[in-house]
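Q: For the sequence shown, the working numbering gives the first residue as 97, with consecutive numbering after it.
Backbone N, C-alpha and C define an ideal beta-carbon position, used for all residues, glycine too.
These figures come from a predicted structure and were not determined experimentally.
Encoded as structure tokens, here's the structure I'll be asking about.
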Amino acid sequence: MRRLRLIGAILALALLAASCGDDGSDEPVSQPAEPAAEGPSAEPETAAEEPAEEPAPAAEPEPAAEPETAAEEPADEEPAAESEPAAEEPAAEDPRRGGTLVIALSDDPGHFNPGITTGFNVHAVTGSIFNGLVELDDNANPHPDLAESWDVSDDSTQYTFHLAQGVRWHDGEPLTSADVKFTFENVLLDYHSRTRGGLSGILESIDTPDATTVVFNFTQPYAALLQRLNSTEAPILPKHIYEGVDDVQTADANLTPVGTGPFKLESYDIDNEITLVRNDDYFKAGLPYLDRVVMRVIPDQNTQVLALEEGEVDYIWRVPGGDIERLGSDDSITLHNINSGPGGGFCIPTLTFNSDREVFSDLRVRQAIAHAVNRDQLVAQVLFGQGRVATGPINSQMAFAYSDDVTSYPYDVDRATALLDEAGYASGGTRFSIDLLVFSFGVFPKYAEVMRQNLAEVGIDVVVTPLDRSAFIPRVFGERDFDTNIISYCNNTDPSIGVARMYISSNIGDIPFSNGAAYINPAIDVLFDEAASTPDVARRGELYAEIQRILTAELPYLWLVETQFTAGSGANVQGLQANSGHVAETAYFEE
């Protein structure tokens, strides 16, 4: 066993040094992030506070890395100034206490159970209500959260976590190891698509030898566990609240969350506003600094930007690309360039082909659509250059796993037309019609409009259907009533965490953001399983390269673009952890 105990004094120091996990930058224009460096990262790295920093690499983290204290210099995941792995330490005095932070949301979350979804708008709220066993810095290195220390067996088949002392749920009940075991066995492994997709086949058992110790036992080596235990990937839920409910997906408790996090739910005005109030009994001494966090639902991005400029909101998760340069010259606003956040990171908006539809049973039709969609146009007109064309299922910033040795589909109307002719869909007028389901908020309708125009050029009529989250998810993953849809599938630093769930056959079903195409290939199942259990990074890279070759040839999805996000805040707001679900845990207002 490699003993990774963290004594209380060091933990306290880490919390102080973690006072501002701001993964943003003062740079006015976000630059496309460079690919990650290959190979494992043994220790958390910190980036300098220069505004021209390139993004920190999304390297393959050392799974058994010792829980490190946060460095005093900020760590960046993107080209960012003033950003840190967990929090920023004010130079001379303690952060100012009090105040209400107002954050814009693009859509109502619908519920507050982060264990049953990977959806952004749920995690944007619940990241302040719940905790994971660990939290990740900008380089995906694990730091203590509910677990104050952990041990990892030499073969990475057993992980033992030691829970922090004195943690209580918002209703006063103590957190115990039974809560962790219950959360995994009864919620995450059933309903959280990334956890189910990555762990359900290899997690043998969870033992709880005492109230503060949790032991995860795997059937094979699994090196990426520590990167999938934060508040986004594995939020811990209260057993005493959820045990015995008929259906955890529809439980009343989902609207009255009881967490362990820095803030508690005070009120919920559907489609309007969510108010969180400070948890005075939070187990991290001195935190949080704010009195309240108000999440205000503002669906229109332009309205969000205007509200930020006028000081009506203090933080917006996404700044439209066309506004970045202008806002960057405004001294009252700070821009934050980020790759990840609530819901995940390294996102690839993806077109799903419903394999149940006869028209998509012909590979030539899927290939034709791939050639007909002008993805460079999506980058230019929808993302305003803040991203790049995707080459396949793995984001290019996961350098150890990424391969460009794939089947490519450049924009080529003539090739698309020829493929449709070969498939028997006669030219001249409309060849066939398909629906395209998209979320009604954010840039999803803009993606759909460009694609509708592109496909019309080759005779495919596309009926765009915008839906809110509450209608979209059951229609796609429950009823499977769609021809195509666009979803931004977000991941983490390891493909076993967020990529596999889209392709493995065991993840087909009524699980949000799972294998929506209902794609089945036993060889892919085996390759993902082998890659997840192989400790050698180079060999894992070879396996993931083979996965990319197969998937791009078979084309169950069309990977559109790799996105990069720019968030915005009032310049007087410090300590934001924009890369984390704990966005407001260490936030405060400057005097």
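When you compare only the Cα positions, how much space is there between Arg635 and Glu642?
A: Those two C-alpha atoms are separated by around 11 Å.
Q: Between the Cα of Pro395 and the Cα atoms of Val389, Tyr378 and Trp413, which residue gives the shortest distance?
A: The shortest C-alpha separation from Pro395 is found at Trp413.
Q: Let's test the definition: count the other Cβ atoms within 10 Å of the Cβ of Thr682 and tell me whether it reaches 16, buried, or not, exposed.
A: When all chains shown are included, Thr682 counts as buried.
Q: Quick check: Val198 and Val390, are their CB atoms within less than 9 Å of each other?
A: A contact, by the Cβ cut-off of 9 Å.
Q: Nearest to Leu647 by alpha carbon, out of Met598, Ile604 and Gly637?
A: Residue Met598 is the option with its Cα nearest to Leu647.
Q: Specify the secondary structure class of Ala243 as computed by DSSP and reduced to three states.
A: Correct three-state label for Ala243: strand.
Q: Under the assumption that Asn603 contacts Ser592 (Cβ atoms under 8 Å), give the Cβ distance between them as a whole number of angstroms.
A: 12 Å between Cβ atoms; not a contact.
Q: Quick check: the segment 415-430 against the segment 238-254, are at least 3 beta-carbon pairs closer than 8 Å?
A: The segment 238-254 vs the segment 415-430: no contact.
Q: Could you tell me the boundaries of the alpha helix (DSSP H) in which Asn588 lies?
A: That residue, Asn588, is in no alpha helix (DSSP H); it is neither H nor E in DSSP.
Q: Decide if Ala177 is buried, meaning its Cβ has at least 16 other Cβ atoms within 10 Å, or exposed.
A: Note that Ala177 has pLDDT 31, beneath the 50 cutoff, so the model's placement of it is unreliable and no number is given.
Q: Three-state secondary structure (DSSP) at Lys360?
A: In this structure, Lys360 counts as strand in the three-state DSSP scheme.
Q: Tell me the rounded alpha-carbon separation between Tyr585 and Gly441.
A: Cα to Cα, the separation comes out at about 9 Å.
Q: Nearest CA to the CA of Ala260: which residue from Leu232, Thr279, Asn227 and Thr352?
A: Minimum Cα distance to Ala260 is reached at Asn227.
Q: Would Pro305 be called buried (16 or more neighbouring beta carbons within 10 Å of its own) or exposed?
A: With fewer than 16 other Cβ atoms within 10 Å, it is exposed.
Q: Quick check: what's the CA-CA separation for Val344 versus Pro353?
A: Using only the alpha carbons, I get a separation of about 12 Å.
Q: Per DSSP, which one or two residues make a beta bridge with His258?
A: Its beta-bridge partners are Ser245 and Thr309.
Q: For the alpha helix (DSSP H) that His219 lies in, which residues bound it at each end?
A: That run of the alpha helix (DSSP H) goes Phe216 to Thr222.
Q: Comparing C-alpha positions only, which one of Val669, Ala486, Asp510 and Val283 sits nearest to Tyr653?
A: Considering only alpha carbons, the answer is Ala486.
Q: Using the three-state DSSP reduction, which class does Asn350 fall into: helix, strand or coil?
A: Asn350 falls in the helix class under three-state DSSP.
Q: Straight-line CA distance for Val248 to Ser436?
A: Those two C-alpha atoms are separated by around 26 Å.
Q: How big is the Cα-Cα spacing for Asn450 and Ser457?
A: Taking the straight line from one Cα to the other gives about 9 Å.
Q: With a threshold of 16 other CB atoms inside 10 Å of the CB of Gly384, please say whether the residue is buried or exposed.
A: A quick correction: the sequence has Pro, not Gly, at residue 384. Flag for Pro384 reads buried.
Q: Identify every residue that forms a DSSP beta bridge with Asn433.
A: Answer is Thr662, bridged to Asn433.
Q: In the DSSP assignment, find the unbroken beta strand (DSSP E) run with Pro562 in it and report its ends.
A: Note, Pro562: beta strand (DSSP E), Ile556 to Leu563.
Q: What is the rounded straight-line gap between the Cα of Ala466 and the Cα of Asp275?
A: Taking the straight line from one Cα to the other gives about 46 Å.
Q: With DSSP as the reference, identify every bridge partner of Val393, one or two as the case may be.
A: DSSP lists Leu201 as partners of Val393.
Q: For Ala519, which residues of its own chain have a beta-carbon under 8 Å away from its beta-carbon, when the five flanking residues on both sides are left out?
A: Cβ neighbours of Ala519 beyond the five flanking positions: Asp458, Arg460, Val461 and Ala464.
Q: Check the C-beta distance from Asn550 over to Val469 and give it rounded, since I have them as a contact under 8 Å.
A: With 8 Å as the limit, Asn550 and Val469 qualify as a contact, their Cβ atoms being about 5 Å apart.
Q: What separation, rounded to the nearest whole angstrom, lies between the Cα atoms of Ala567 and Gln397?
A: Looking at the two C-alpha atoms, the distance is approximately 21 Å.
Q: Would you kindly work out how many angstroms separate the C-alpha atoms of Leu474 and Arg511, rounded to a whole number?
A: Spanning the two alpha carbons is a distance of roughly 20 Å.
Q: What did DSSP end up calling Asp410 once you bin it into helix, strand or coil?
A: Coil at Asp410, not helix or strand.
Q: Look at the alpha carbon of Trp655 and the alpha carbon of Val595, and state the distance between them as a whole number of angstroms.
A: Each residue's alpha carbon lies about 12 Å from the other.
Q: Three or more beta-carbon pairs under 8 Å between the segment 621-640 and the segment 564-580, yes or no?
A: Judged by Cβ distances under 8 Å, the segment 621-640 makes no contact with the segment 564-580, as fewer than three pairs qualify.
Q: Excluding the 5 residues preceding and the 5 following Asp367 in the sequence, name in chain order all residues of the same chain whose CB lies nearer than 7 Å to its CB.
A: Cβ neighbours of Asp367 beyond the five flanking positions: Asp204 and Val393.
Q: Below 8 Å on the Cβ atoms is my contact criterion, and I expect Arg292 with Glu329 to pass it. Report the Cβ-Cβ distance as a whole number of Å.
A: Not quite, the Cβ-Cβ distance comes to about 11 Å (not below 8 Å), so this is no contact.
Q: Sort Leu325, Glu269 and Ala649 by Cα distance to Gly294 and report the nearest one.
A: The residue with the shortest Cα to Cα distance from Gly294 is Leu325.
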